[in-house]
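Peer 1: Heads up: the sequence shown begins at 1 in UniProt numbering, then just goes up one per residue.
Glycine residues also receive a C-beta, built at the ideal position from the N, C-alpha and C atoms.
Predicted model only: the values in this text are computed from it and were never measured.
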Amino acid sequence: MTKEYAEQLFLQEKPTLALLAIWSLQKTYASVITKEINSTFAHTTKILAKMEEHGLVQFSVEGRVKYVELTDHGYRVVDALKSLIMAIEGETPEESPEENNTENGEGNSENTDEARKTTLDHIDRLHQQIMTTYNDLAENDTELQVMRMKIGPFSRDIQLLLNSIEENEELIDDEGLDKLTEMQNIFDLVMKQ
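(1) Considering Phe59, what are the terminal residues of the alpha helix (DSSP H) in which it resides?
(2) Roughly how many angstroms separate the alpha carbons of Met147 and His73, rounded to a whole number?
(3) Using the beta-carbon count (16 or more within 10 Å), is Gly55 buried or exposed?
(4) Which same chain residues, not among the five before or five after Ile165, have their C-beta less than 6 Å away from its C-beta?
(5) Cβ of Thr44 within 8 Å of Cβ of Thr28?
(6) Can you check which of these residues, Phe59, Lys179, Asn168, is closest to Arg125 by C-alpha distance?
(7) Pull up the CB-CB distance for Met191 and Ser24, whole angstroms please, since I reckon it's below 8 Å.
(8) First and last residue of the beta strand (DSSP E) that includes Leu171?
(9) Taking Cβ to Cβ, would you say residue 195 is nearer than 8 Å to His127?
(10) When we look at the beta-carbon of Phe187 and count the other beta-carbons within 10 Å, is it buried (16 or more) or exposed?
(11) In the DSSP assignment, find the beta strand (DSSP E) that holds Lys66 and state where it starts and stops.
(12) Nearest-angstrom Cα distance between Val78 and Asp174?
(13) Using only alpha-carbon positions, find the residue among Glu139, Gln58, Lys150, Lys117 that is nearest to Leu81.
(14) Tell me the DSSP bridge mates of Thr142?
(15) Counting only the same chain and skipping the five closest in sequence on each side, list residues whose C-beta sits under 6 Å from that of Arg133.
(16) Counting only beta-carbon atoms, is Thr71 nearer than 8 Å to chain C?
(17) Going along the chain, which residues of its own chain have a beta-carbon closer than 7 Å to the beta-carbon of Ile47, five neighbours each way excluded?
(18) If you draw a straight line from the C-alpha of Leu84 to the C-alpha of Gln129, how long is it?
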C-alpha cells in the first residue's frame, strides 16, 4: 500500500470505522458494516474493495451470503489504529496476555503464579480503561457510532483474555472473572444495540 493511499484511506472516518466494525464483528457482511458506519451500500463496497486489494480483508461465500473478515495484515493495521487511538487519548498500549504467557512459560507453579498475576493485572487495567471510556461517553450522551468506535477496539483484548483463561483456568480468580464479565457486558451493550 503506498503511503499516499494509506493516508487517504485511514485518515478518513468511514474506512477507519469500517475496519474497526469488521474487527469488532469478526465475520460479517457488507450490509451490516453499512449500518454500523452509517454509510451507503455503494460507498461501503467501494471501501471494502480497496481494503481487499491491499490485503486487509478477505471475502468468503457461504450459500448466498458473501462474508468479509480481516486478514492477518488487517489485524495488524487494527492494532496500529487501536494504538493510535490510545496514544491520542494519552494512554499507552499494554502487552497482551498471550505475549506474557509466552515469556513466562508454563509448567511450574512459580511461572503459573507470575502468569496469573500478569493476567489479573491486565484485567484490572483493561477494566479500568473500558469503564472510564464508557462512563465518559455515557455522561456526555455520545452518539452510538462514536461509542462503538471508542469501545470496539477493546474487543480483541477481551478475546485474548478469554482465550488465555480458557487455556489455563488458574489464571483468573472470582474478582477477575467478575471484571471480565462486566467488560464483556459493556462491550455487548454498546456493539449490539
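Peer 2: For this structure:
(1) Start at 1 with the first residue of the sequence shown, and residue 59 comes out as number 59. Taken as a continuous stretch (DSSP letters only), Phe59 belongs to no alpha helix (DSSP H), being part of the beta strand (DSSP E) at 57–62.
(2) Residue 147 sits at position 147 when you count from the first residue of the sequence shown. Residue 73 sits at position 73 when you count from the first residue of the sequence shown. Those two C-alpha atoms are separated by around 25 Å.
(3) If you number the sequence shown from 1, residue 55 lands on position 55. Label assigned to Gly55: exposed.
(4) Against the sequence shown, residue 165 aligns to sequence position 165. The answer, listed in chain order, is Leu171, Ile172.
(5) As a first step, residue 44 must be located in the sequence shown, where it is residue number 44. As a first step, residue 28 must be located in the sequence shown, where it is residue number 28. For Thr44 and Thr28, no; Cβs fall outside 8 Å.
(6) Here residue 125 is taken as the residue at index 125 of the sequence shown, counted from 1. Nearest of Phe59, Lys179, Asn168 to Arg125, Cα basis: Lys179.
(7) Here residue 191 refers to the residue found at position 191 when the sequence shown is read from its first residue. Here residue 24 refers to the residue found at position 24 when the sequence shown is read from its first residue. At roughly 6 Å, the Cβ-Cβ gap stays under 8 Å, so Met191 and Ser24 are in contact.
(8) Translated into the one-based positions of the sequence shown, residue 171 becomes position 171. Leu171 -> no beta strand (DSSP E), and no H or E assigned at all.
(9) Residue 195 is absent from the structure shown; the chain starts at 1 and stops at 193.
(10) To locate residue 187, count along the sequence shown from 1; it is residue 187. When all chains shown are included, Phe187 counts as buried.
(11) Indexing the sequence shown from 1 puts residue 66 at position 66. It spans 65–70 - the beta strand (DSSP E) in which Lys66 sits, taken as one unbroken run.
(12) The residue labelled residue 78 in the question sits at position 78 within the sequence shown. The residue labelled residue 174 in the question sits at position 174 within the sequence shown. Looking at the two C-alpha atoms, the distance is approximately 31 Å.
(13) Within the sequence shown, numbered from 1, the residue matching residue 81 stands at position 81. Leu81 has its Cα closest to that of Lys150, out of Glu139, Gln58, Lys150, Lys117.
(14) Counted from its first residue, the sequence shown places residue 142 at position 142. Looking at the DSSP assignment, Thr142 forms no beta bridge with any residue, so it has no partner.
(15) Residue mapping note: residue 133 aligns to position 133 of the sequence shown, counting from 1. Reading the sequence as shown, one finds Thr at residue 133 and not Arg. Cβ neighbours of Thr133 beyond the five flanking positions: Lys150.
(16) Considering every chain present, this structure includes no chain C. It has just one protein chain.
(17) Position 47 of the sequence shown, counted from the start, is the residue given in the question as residue 47. Around Ile47: Lys14, Pro15, Ala18.
(18) Counting from one through the sequence shown, the residue named residue 84 turns up at place 84. Counting from one through the sequence shown, the residue named residue 129 turns up at place 129. One C-alpha to the other measures close to 15 Å.
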